Amino acid sequence: MGMGGALMYILAIDTSTDAVVAGVAALRGADATGEVLAERQVTDGRRHAEILTSLVGETLDEARVARSQLDAVVVGCGPGPFTGLRVGMATGAAFGDALGVPVHGVCSLDAIAAAQMSETSASSLLVVTDARRREIYWATYDQGRRTAGPAVAPPGEVVADLADMPIDVVVGSPTHAGLFDRPVGAASVPSVVGLVTVARADLSGSMPPAALVPLYLRRPDAVEPKRRRPADPQRQELAR
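What follows is the structure, encoded as structure tokens:
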């Protein structure tokens, strides 16, 4: 059902941070952000795959929405660590394929910013999340529009680079947001409200969604081992 219909049910998913986020929202007519019918946020960065499907089922039951009633899926595409991020994206794609509904990918940092903007009058934001390896993912926003990022860098480097930039609020990872000597907002992880708000223009359009592209921003931790060079017969003979 397109946005021209009276009601649209959206499944929202994000696993770009240590929090596994899943929920159901209803969009009605010209409503700006929609109504969150059910939402779960469970912080367990090592069990994304085990938790997510259960959370989706719980939120659908709480919202009293059958899977067959879903009109679209919105999934956070990061940036985020490789293993956790692909769990959410694969799950979102699987739901879309099984139900024959569009799957819209959004930047997870944009979703955090959108949720904070719905709570405050701040015009300029910095969003930071934990990238591990002593680095952070970050992006800046002005009047709801992303002005830099997403990018990944050590926290000290970002603090120095943005020292003179006017930033009203920093949101995201509380541990890292406090490094910037700015007010810290409440939004810490992508939420259903934020995910659906960012995807709203795509949800209202008639064009099919673009392919899901994960924002890893760097290579995964696990890499294929280098191939061993074949042994040199001449060296082997000399070594005997």
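Residue numbering for the sequence shown follows the working numbering, beginning at 270 and increasing consecutively.
In this text, a Cβ means the ideal position worked out from N, Cα and C, and glycines have one as well.
Source: prediction; values computed, not measured.
Span separating the alpha-carbon of residue i from that of residue j
i: Val289; j: Ala432; result: 32 Å
i: Leu395; j: Tyr410; result: 6 Å
i: Ile282; j: Gly292; result: 7 Å
i: Phe364; j: Thr322; result: 10 Å
i: Ala491; j: Leu276; result: In this prediction, Ala491 has a pLDDT of 45, which is less than 50 and means its spatial position is unreliable; what the coordinates show is noted afterwards. Answer to the nearest angstrom: the Cα atoms are 44 Å apart.
i: Glu426; j: Met434; result: 14 Å
i: Ser337; j: Met386; result: 32 Å
i: Asp366; j: Pro452; result: 42 Å
i: Val428; j: Asp330; result: 43 Å
i: Gly326; j: Asp430; result: 43 Å
i: Asp313; j: Arg401; result: 15 Å
i: Leu481; j: Gly369; result: 16 Å
i: Ala332; j: Ala417; result: 36 Å
i: Glu319; j: Gly303; result: 29 Å
i: Arg297; j: Ala359; result: 28 Å
Supposed contact pair residue j and residue i - C-beta distance, whole angstroms, cut 8 Å
i: Val467; j: Gln310; result: Contact flag wrong, Cβ pair sits at about 17 Å.
Candidates the options, of which the one nearest residue i by Cα
i: Ala307; options: Thr389, Ala362, Ala294; result: Ala294
i: Val461; options: Gly447, Ala367, Ala382; result: Ala382
i: Asp399; options: Ala335, Gly349, Ile320, Ser392; result: Gly349
i: Ser473; options: Asp430, Asp340, Phe449, Asp330; result: Asp340
i: Arg403; options: Leu368, His445, Asp313, Asp437; result: His445
i: Val334; options: Ile279, Asp287, Gln412; result: Ile279
i: Ala455; options: Glu388, Arg401, Glu327; result: Glu388
i: Asp287; options: Arg315, Leu484, Thr328; result: Arg315
i: Pro483; options: Ala362, Arg414, Ala332, Thr416; result: Ala362
i: Ala380; options: Arg414, Thr328, Glu319; result: Arg414
i: Ala384; options: Thr328, Gly441, Arg297; result: Gly441
Own chain, CB closer than 7 Å to residue i, minus 5 neighbours either side, in chain order
i: Val375; result: Val343, Gly345, Cys346, Leu464, Val467, Ala468
i: Leu507; result: Note that Leu507 scores 49 on pLDDT, short of 50, meaning its location in the model is unreliable and no value can be drawn from it.
i: Val305; result: Gly292, Ala294, Val461, Val462
i: Ser392; result: Asp411, Gln412, Asp437
i: Thr328; result: Ala291, Gly292, Val293, Ala307, Glu308, Arg309
i: Leu324; result: Val289, Ala291, Arg309, Val311
Sequence-distant residues of its chain with Cβ nearer than 8 Å to residue i (five each side left out)
i: His317; result: Thr284, Val289, Thr352, Gly353, Val356, Gly357
i: Arg478; result: Sequence inspection shows Pro at residue 478; the Arg mentioned does not correspond to that position. Same-chain partners within the cutoff: Pro371, Val372, His373, Gly374, Asp471.
i: Gly273; result: In this prediction, Gly273 has a pLDDT of 49, which is less than 50 and means its spatial position is unreliable; nothing more can be read from the coordinates.
i: Pro443; result: Val453, Ser457
Residues sharing a beta bridge with residue i, DSSP
i: Val411; result: Sequence check: residue 411 is Asp here, not Val. Answer by DSSP bridge pairing, in chain order: Ser393, Arg414.
i: Asp283; result: Val290
i: Asp519; result: Coverage of the chain is limited to positions 270 through 509, which leaves residue 519 absent and any answer about it impossible.
i: Leu296; result: Met277
i: Ala420; result: Trp407
i: Ala341; result: Ile279
i: Glu308; result: Gly292
i: Val439; result: Leu395, Val453
i: Val372; result: Val342
Own chain partners of residue i with C-beta closer than 6 Å, once the 5 adjacent residues on each side are dropped
i: Leu378; result: Val396, Ala408, Pro419
i: Leu486; result: Pro348, Val421
i: Val439; result: Leu395, Ala446, Phe449, Arg451, Val453
i: Ile405; result: Val397, Pro424, His445
Beta carbon proximity, residue i to chain B, threshold 7 Å
i: Thr286; result: Structure shown: chain B not included; a single protein chain is present.
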